[in-house]
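Chains as they are written, first to last, in the working numbering: chain B, 33 to 271; chain L, 33 to 271. Where is the CB? At the ideal position from N, CA and C, for every residue including glycine. These numbers come from a predicted model, not from an experiment. Accompanying notes for the structure given below.
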DNA sequence: CGCCTGGTTGACTAATGTCAAATTGGGTGG
DNA sequence: CCACCCAATTTGACATTAGTCAACCAGGCG
């Protein structure tokens, strides 16, 4: 896909068939050919440049999003600016469902991001009489909820070192689902993002990375880490 | 409902019609009379005594539960015994959906609890071709997820005092939905439960209650608190 | 009456946050 | 190609919050 001149662009020539690498994983993964065609007609394929907002907390939630490519950070802010990142969205993830008619969190791109965007109304009409789709939405929501609960345990009850180790293990597993297993875990998000995800400060995250490196559990490389001792590492992160 | 002699009992005479106070709020709230009758035939009405397990993390998830009466704590444990309470379930709440085929958390009663219990298979077969039910399941999951995200913000980014204040405000709102607005907020869970929900120690929770009382924001009463200054209080808890 | 459980208080400690300075590395213009 | 600049990260010294450990207190029940 060409990198377009302006940051946010509707991709005219995009076809799921040829351009989407995560069909099987995404919300649309179980649609038959005919239904998928109808579904695709509801979608707008949009590309965002780095650090752009997909949507913001408290905005009227007029759209839902299926992330196709790139990584997004999802977060909530307190009035004084404190930020909690509630998750990182990867290709295949489904975003934008809200309990009321407004988004309950904000989402923005980290690097470049491509999404399928659906207006809420047509999307809901499409799924409302398709049990397959509804069941799949339920699976997605249940998985998200379980991840959120794991994160509550991490935030409430783990030490800084355990948080960082668990984060790296969890992130490696999520990447493995997409790209297969690798020794080097790429970290496209910055230290501040990791800190805001783990409920720590950037300094504590930095010190903890350094400590793990001194203890020969990892090696810090540009935009990622290499895991040296997966066994000892998983033990640190253990549930 | 009579308090039965043995802690866990199947209630033979139970009929949703006459005994269930939360039909409108529960998962079954939008079923028509005929469908509800079919649905009720799938249910077992079970009563638990205080501090009994409804289900435990990692057990095979053979049932789902609709809480009718009482309060349950939902929690996860680390191998060394540290506990994080991920939520308190109230009447109308729906429990036991898991991403795999095992529960991802444990649930037990605080005081006495009554539930509708459904075996997973028949339950899934009932809902799988009923878009109404699936949509409602989605609403429940979305609401849960949003609550979990609020809690992540609280756990990761709020001070002890803010945590306690936000907890009391949130709890008061949830009770208000069931019982209407009251000045006195009843707290059926103990201090240790509150601590494990907020990612604090019991001592810090106790000190913080005392501090809020000294500052004339609340009065501590047996099994609850009275909120004296709702405005200043909401400000402390503010999102 | 006194025990038992849950809750509170006090003194001290440890983990993490804060503030400030130094370092690194990538990107750009000369 | 090199020097510089900027942003991100790391490191250090110190402050603060919440945790730990231990004692004390209060109400409910046998």
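When DSSP assignments are scanned along the segment 130-183 of chain L, the uninterrupted stretches of alpha helix (DSSP H) that are 4 or more residues long and fall wholly within it turn out to be 152-160.
Taking 4 residues as the minimum length, the alpha helix (DSSP H) runs contained wholly in the segment 61-87 of chain L are 65-74, in order along the chain. Of all residues in the segment 115-142 of chain L, those with a C-beta nearer than 8 Å to a C-beta of chain B are 115, 116, 118, 129, 130, 131, 136 and 137, reading in chain order.
Of the other Cβ atoms in all chains shown, 16 or more fall within 10 Å of the Cβ of residue 257(L); this residue is therefore buried.
Per DSSP, the unbroken beta strand (DSSP E) holding residue 250(L) starts and ends at 250-253. Taking the C-beta atoms as reference points, residue 147(L) is found no nearer than 7 Å to residue 103(L).
Membership of residue 101(B) in the beta strand (DSSP E) is indicated by the continuous run 95-101. Taking C-alpha positions only, residue 150(L) is separated from residue 133(L) by approximately 15 Å. A straight-line Cα-Cα distance of about 8 Å links residue 205(B) and residue 213(B). At a cut-off of 7 Å between beta carbons, residue 164(L) makes no contact with chain B. Here DSSP, grouped into helix, strand and coil, assigns residue 121(B) to strand. Between the segment 189-207 of chain B and the segment 237-257 of chain B there are three or more C-beta pairs closer than 8 Å, enough to call the two in contact. Taking a Cβ-Cβ cut-off of 8 Å, the neighbours of residue 167(B) in chain L comprise 160 and 166, given in sequence order.
Proximity of residue 75(L) to chain B, defined by a Cβ-Cβ separation below 7 Å, is not satisfied.
With a 10 Å radius around the Cβ and a threshold of 16 neighbouring Cβ atoms, residue 174(B) comes out buried.
Using a CB distance cut-off of 7 Å, residue 195(B) does not count as an interface residue toward chain L. Residue 208(B) carries a helical assignment under DSSP once its states are collapsed to helix, strand and coil.
DSSP, reduced to helix, strand and coil, places residue 238(L) within a helical segment of the structure shown.
Annotation for residue 227(B): 233, 234 and 237 place their beta carbon closer than 6 Å to its own, counting only its chain and skipping 5 residues before and after.
Less than 7 Å divides the Cβ of residue 54(B) from the Cβ of residue 124(B). Close partners of residue 188(L) in chain B (Cβ separation under 7 Å): 116, 187 and 231. Take the alpha-carbon of residue 262(L) and the one of residue 56(L): they are about 29 Å apart.
Note that the C-beta distance between residue 181(L) and residue 118(B) is below 7 Å.
Here residue 108(L) is buried. Its C-beta has 16 or more other C-beta atoms within 10 Å.
Interface flag for residue 224(B) against chain L is unset, since no Cβ pair is found closer than 7 Å. Distance check between residue 95(B) and each of 111(B), 105(B), 113(B) and 75(B) places 75(B) closest, using alpha-carbon atoms only.
Counting C-beta pairs with one atom in each stretch, the segment 154-166 of chain L and the segment 62-77 of chain L have three or more that are closer than 8 Å, which means they touch. Under the DSSP assignment, residue 216(L) falls in the beta strand (DSSP E) whose first and last residues are 216-218. Taking the Cα of residue 98(L) as reference, the smallest distance to any Cα among 111(L), 82(L), 71(L) and 92(L) is reached at 71(L).
Separation of residue 105(L) and residue 44(L) (C-alpha to C-alpha, rounded to the nearest whole angstrom) is 26 Å. Here the alpha carbons of residue 178(B) and residue 129(L) stand approximately 10 Å from one another.
Per DSSP, reduced to three states, the secondary structure at residue 188(L) is helical. In its chain, beyond the 5 residues on either side, 140 and 141 have a beta carbon closer than 7 Å to the beta carbon of residue 83(L). Here residue 209(B) is exposed: its Cβ has fewer than 16 other Cβ atoms, across all protein chains shown, within 10 Å.
Leaving aside the five residues that flank residue 58(L) on each side, the residues in its chain whose CB is nearer than 6 Å to its CB run, in chain order, 98 and 124. Note on geometry: alpha-carbon atoms of residue 155(L) and residue 185(B) lie some 29 Å from one another.
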